[in-house]
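Novice: So the numbering used here is basically just the index in the sequence shown, starting at one, shifted up by 28. All residues carry an ideal CB built from backbone N, CA and C; glycine is no exception. Note that the structure is predicted; figures quoted are calculated from it, not measured.
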Amino acid sequence: MLNDLSTFTRATIFGQLVPLGMLWGAIAGMDSSDPDVNRLVVIAGVSLLWMVGWGVFVAWVPRRAARRLHAEVERGSREIISGTTTAPIAPARVVRERRWKKNPPLALGAEEGRGAAAYSVAFTVLPPDGPPRRVATLSPVSLSKGTSALVALHPDLREVGVLDMRVTNAQVETSARDPRWRTDRLPTDRTVVGGYLMLVVALVAGIAAGFAIGWLLWLI
(Lines of atoms letter the chains of each structure in order from A and count residues from 1; the text may use other names and numbers.)
(Lines give C-alpha, C1' and ligand atoms only; values in the text may rest on other atoms or scores of the structure.)
Protein backbone atom coordinates (compact mmCIF):
# COMPACT_ATOMS: atom_id res chain seq x y z
CA MET A 1 0.00 0.00 0.00
CA LEU A 2 2.78 2.46 0.85
CA ASN A 3 5.27 1.54 -1.84
CA ASP A 4 3.03 0.81 -4.83
CA LEU A 5 -0.12 2.85 -5.32
CA SER A 6 0.09 2.85 -9.10
CA THR A 7 -2.87 0.58 -9.89
CA PHE A 8 -5.29 2.23 -7.49
CA THR A 9 -4.28 5.78 -8.45
CA ARG A 10 -4.57 5.11 -12.18
CA ALA A 11 -7.92 3.35 -11.74
CA THR A 12 -9.21 6.26 -9.65
CA ILE A 13 -8.28 8.84 -12.28
CA PHE A 14 -9.63 6.63 -15.08
CA GLY A 15 -12.97 6.17 -13.36
CA GLN A 16 -13.34 9.83 -12.47
CA LEU A 17 -12.98 10.92 -16.10
CA VAL A 18 -15.32 8.33 -17.66
CA PRO A 19 -18.54 10.30 -16.96
CA LEU A 20 -17.05 13.46 -18.46
CA GLY A 21 -16.16 11.49 -21.59
CA MET A 22 -19.69 10.05 -21.67
CA LEU A 23 -21.21 13.52 -21.80
CA TRP A 24 -18.81 14.60 -24.54
CA GLY A 25 -19.54 11.42 -26.50
CA ALA A 26 -23.28 11.93 -26.16
CA ILE A 27 -23.06 15.52 -27.35
CA ALA A 28 -20.83 14.52 -30.27
CA GLY A 29 -23.18 11.70 -31.30
CA MET A 30 -26.34 13.78 -31.07
CA ASP A 31 -27.95 14.92 -34.29
CA SER A 32 -27.83 18.69 -33.89
CA SER A 33 -30.59 19.18 -36.47
CA ASP A 34 -32.97 16.95 -34.52
CA PRO A 35 -31.69 16.67 -30.94
CA ASP A 36 -33.25 14.01 -28.71
CA VAL A 37 -33.28 15.85 -25.40
CA ASN A 38 -34.81 12.93 -23.49
CA ARG A 39 -31.99 10.59 -24.48
CA LEU A 40 -29.41 13.23 -23.59
CA VAL A 41 -31.01 13.54 -20.15
CA VAL A 42 -30.81 9.75 -19.71
CA ILE A 43 -27.13 9.71 -20.62
CA ALA A 44 -26.50 12.62 -18.25
CA GLY A 45 -28.29 10.63 -15.53
CA VAL A 46 -26.12 7.59 -16.20
CA SER A 47 -23.04 9.81 -15.94
CA LEU A 48 -24.26 11.21 -12.62
CA LEU A 49 -24.92 7.73 -11.23
CA TRP A 50 -21.44 6.66 -12.33
CA MET A 51 -19.88 9.65 -10.54
CA VAL A 52 -21.78 8.96 -7.33
CA GLY A 53 -21.02 5.24 -7.40
CA TRP A 54 -17.37 5.80 -8.20
CA GLY A 55 -17.11 8.42 -5.46
CA VAL A 56 -18.45 5.94 -2.90
CA PHE A 57 -16.04 3.27 -4.16
CA VAL A 58 -13.02 5.58 -4.03
CA ALA A 59 -13.94 6.70 -0.51
CA TRP A 60 -14.51 3.14 0.77
CA VAL A 61 -11.48 1.35 -0.66
CA PRO A 62 -8.73 3.53 0.91
CA ARG A 63 -10.41 3.40 4.32
CA ARG A 64 -10.67 -0.37 4.18
CA ALA A 65 -7.04 -0.64 3.04
CA ALA A 66 -5.93 1.70 5.84
CA ARG A 67 -7.70 -0.42 8.47
CA ARG A 68 -6.06 -3.57 7.13
CA LEU A 69 -2.63 -1.92 7.01
CA HIS A 70 -2.85 -0.65 10.58
CA ALA A 71 -4.09 -4.02 11.83
CA GLU A 72 -1.01 -5.53 10.21
CA VAL A 73 1.20 -2.83 11.73
CA GLU A 74 -0.20 -3.53 15.19
CA ARG A 75 0.32 -7.28 14.83
CA GLY A 76 3.85 -6.89 13.45
CA SER A 77 4.76 -4.27 16.06
CA ARG A 78 3.75 -6.58 18.89
CA GLU A 79 5.90 -9.34 17.41
CA ILE A 80 8.89 -6.99 17.30
CA ILE A 81 8.35 -5.57 20.79
CA SER A 82 7.84 -9.02 22.34
CA GLY A 83 11.02 -10.30 20.72
CA THR A 84 9.33 -13.13 18.84
CA THR A 85 10.93 -11.86 15.64
CA THR A 86 14.31 -10.29 15.01
CA ALA A 87 13.99 -6.79 13.57
CA PRO A 88 16.96 -4.83 12.21
CA ILE A 89 17.15 -1.15 13.13
CA ALA A 90 17.32 1.26 10.20
CA PRO A 91 17.73 5.02 9.72
CA ALA A 92 14.40 6.66 8.95
CA ARG A 93 12.81 9.96 7.98
CA VAL A 94 9.19 11.00 8.42
CA VAL A 95 7.17 11.24 5.22
CA ARG A 96 3.85 12.22 6.82
CA GLU A 97 1.71 11.58 9.88
CA ARG A 98 -1.88 11.71 11.06
CA ARG A 99 -3.80 10.88 14.19
CA TRP A 100 -5.09 7.32 14.26
CA LYS A 101 -7.55 6.24 16.96
CA LYS A 102 -8.35 2.69 15.88
CA ASN A 103 -5.09 1.07 17.09
CA PRO A 104 -2.90 1.68 20.16
CA PRO A 105 0.50 3.43 19.99
CA LEU A 106 3.39 0.97 20.03
CA ALA A 107 7.12 1.70 20.22
CA LEU A 108 10.33 0.13 21.48
CA GLY A 109 11.25 1.60 24.85
CA ALA A 110 7.77 2.96 25.57
CA GLU A 111 4.86 1.52 27.51
CA GLU A 112 1.76 0.72 25.50
CA GLY A 113 -0.64 3.62 25.81
CA ARG A 114 -3.90 1.77 26.30
CA GLY A 115 -6.79 4.01 25.38
CA ALA A 116 -4.47 6.61 23.90
CA ALA A 117 -4.60 7.61 20.26
CA ALA A 118 -1.63 6.77 18.10
CA TYR A 119 0.03 8.75 15.37
CA SER A 120 0.13 6.88 12.09
CA VAL A 121 3.57 7.86 10.85
CA ALA A 122 4.94 6.84 7.46
CA PHE A 123 8.73 6.68 7.24
CA THR A 124 11.23 6.32 4.46
CA VAL A 125 13.77 3.81 5.77
CA LEU A 126 17.22 2.62 4.73
CA PRO A 127 17.16 -1.17 5.27
CA PRO A 128 20.52 -2.88 5.78
CA ASP A 129 19.78 -5.46 3.08
CA GLY A 130 17.78 -3.72 0.38
CA PRO A 131 16.77 -0.50 -1.32
CA PRO A 132 15.00 2.31 0.54
CA ARG A 133 11.28 1.83 1.08
CA ARG A 134 8.39 3.20 3.08
CA VAL A 135 6.99 1.67 6.27
CA ALA A 136 4.12 2.54 8.60
CA THR A 137 4.34 2.83 12.38
CA LEU A 138 1.93 3.44 15.26
CA SER A 139 3.91 6.12 17.04
CA PRO A 140 3.07 7.38 20.55
CA VAL A 141 4.50 10.81 19.68
CA SER A 142 3.86 13.33 16.93
CA LEU A 143 6.71 13.72 14.44
CA SER A 144 6.91 16.42 11.80
CA LYS A 145 7.80 15.75 8.17
CA GLY A 146 11.52 15.24 7.63
CA THR A 147 12.27 14.30 11.25
CA SER A 148 15.06 11.74 11.56
CA ALA A 149 14.56 8.62 13.67
CA LEU A 150 15.51 4.97 13.99
CA VAL A 151 12.91 2.32 13.18
CA ALA A 152 12.85 -1.44 13.73
CA LEU A 153 11.80 -3.25 10.54
CA HIS A 154 9.68 -6.39 10.56
CA PRO A 155 11.59 -9.08 8.60
CA ASP A 156 8.49 -10.48 6.87
CA LEU A 157 5.98 -7.60 6.75
CA ARG A 158 7.77 -5.16 4.48
CA GLU A 159 5.57 -2.15 5.29
CA VAL A 160 5.64 -2.57 9.07
CA GLY A 161 8.01 -0.75 11.39
CA VAL A 162 8.28 0.24 15.05
CA LEU A 163 9.73 3.52 16.25
CA ASP A 164 12.77 2.90 18.48
CA MET A 165 12.58 5.31 21.43
CA ARG A 166 15.52 3.74 23.26
CA VAL A 167 18.08 5.50 21.09
CA THR A 168 20.07 8.59 22.01
CA ASN A 169 20.10 11.92 20.20
CA ALA A 170 23.64 11.15 19.05
CA GLN A 171 22.50 7.91 17.42
CA VAL A 172 19.67 9.70 15.63
CA GLU A 173 22.06 12.41 14.40
CA THR A 174 24.42 9.74 13.10
CA SER A 175 21.60 8.03 11.21
CA ALA A 176 20.62 11.37 9.67
CA ARG A 177 24.13 11.67 8.20
CA ASP A 178 23.99 8.24 6.55
CA PRO A 179 25.40 8.79 3.02
CA ARG A 180 22.66 6.63 1.50
CA TRP A 181 20.23 9.52 1.99
CA ARG A 182 22.17 11.30 -0.76
CA THR A 183 23.24 8.41 -2.96
CA ASP A 184 20.31 5.97 -2.97
CA ARG A 185 17.11 6.44 -4.95
CA LEU A 186 14.46 7.23 -2.37
CA PRO A 187 10.75 6.53 -2.91
CA THR A 188 8.69 9.66 -3.51
CA ASP A 189 5.01 10.44 -3.99
CA ARG A 190 5.71 10.42 -7.72
CA THR A 191 7.44 7.03 -7.83
CA VAL A 192 4.90 5.20 -5.64
CA VAL A 193 2.11 6.08 -8.10
CA GLY A 194 4.19 4.85 -11.03
CA GLY A 195 5.13 8.25 -12.44
CA TYR A 196 3.01 11.20 -13.51
CA LEU A 197 3.11 10.26 -17.19
CA MET A 198 1.05 7.14 -16.58
CA LEU A 199 -1.47 9.21 -14.64
CA VAL A 200 -1.92 11.39 -17.71
CA VAL A 201 -2.38 8.22 -19.78
CA ALA A 202 -5.06 7.03 -17.33
CA LEU A 203 -6.78 10.42 -17.59
CA VAL A 204 -6.87 10.33 -21.39
CA ALA A 205 -7.98 6.68 -21.38
CA GLY A 206 -10.84 7.48 -19.00
CA ILE A 207 -12.11 10.29 -21.22
CA ALA A 208 -11.75 8.14 -24.34
CA ALA A 209 -13.60 5.20 -22.78
CA GLY A 210 -16.39 7.46 -21.56
CA PHE A 211 -16.62 9.14 -24.96
CA ALA A 212 -17.06 5.75 -26.63
CA ILE A 213 -19.74 4.72 -24.12
CA GLY A 214 -21.61 7.99 -24.56
CA TRP A 215 -21.48 7.69 -28.33
CA LEU A 216 -22.75 4.10 -28.25
CA LEU A 217 -25.55 4.97 -25.82
CA TRP A 218 -26.69 7.60 -28.27
CA LEU A 219 -26.70 5.15 -31.16
CA ILE A 220 -28.66 2.44 -29.35
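According to DSSP, what are the bridge partners of phenylalanine 189?
Specialist: One detail in the question is off: residue 189 reads as glycine in this sequence, not phenylalanine. In the DSSP output, where bridge partners are listed per residue, glycine 189 has Leu181.
Novice: Measure from the alpha carbon of proline 160 to the alpha carbon of each residue in Glu140, Arg106, Val220 and Gly242, then state which is nearest.
Specialist: Cα-wise, what sits closest to proline 160 is Val220.
Novice: In this structure, how does DSSP classify proline 119 when only helix, strand and coil are distinguished?
Specialist: Here proline 119 sits in strand by DSSP.
Novice: Is it buried or exposed, arginine 103, if we count other Cβ atoms within 10 angstroms and call 16 or more buried?
Specialist: Result: exposed.
Novice: So the candidates are Ile248, Leu178 and Arg210; which of them puts its Cα closest to the Cα of alanine 115?
Specialist: Of the candidates Ile248, Leu178 and Arg210, the one whose C-alpha sits nearest the C-alpha of alanine 115 is Leu178.
Novice: Tell me the DSSP secondary structure of threonine 175 in three-state form.
Specialist: Of the three classes helix, strand and coil, the one that applies to threonine 175 here is coil, per DSSP.
Novice: Under 8 Å, do leucine 154 and alanine 118 count as touching if we go by C-beta distance?
Specialist: Against a cut-off of 8 Å, the Cβ pair of alanine 118 and leucine 154 comes out as a contact.
Novice: Could you compute how far the alpha carbon of arginine 208 sits from the alpha carbon of glycine 158?
Specialist: Roughly 11 Å separates the two Cα atoms.
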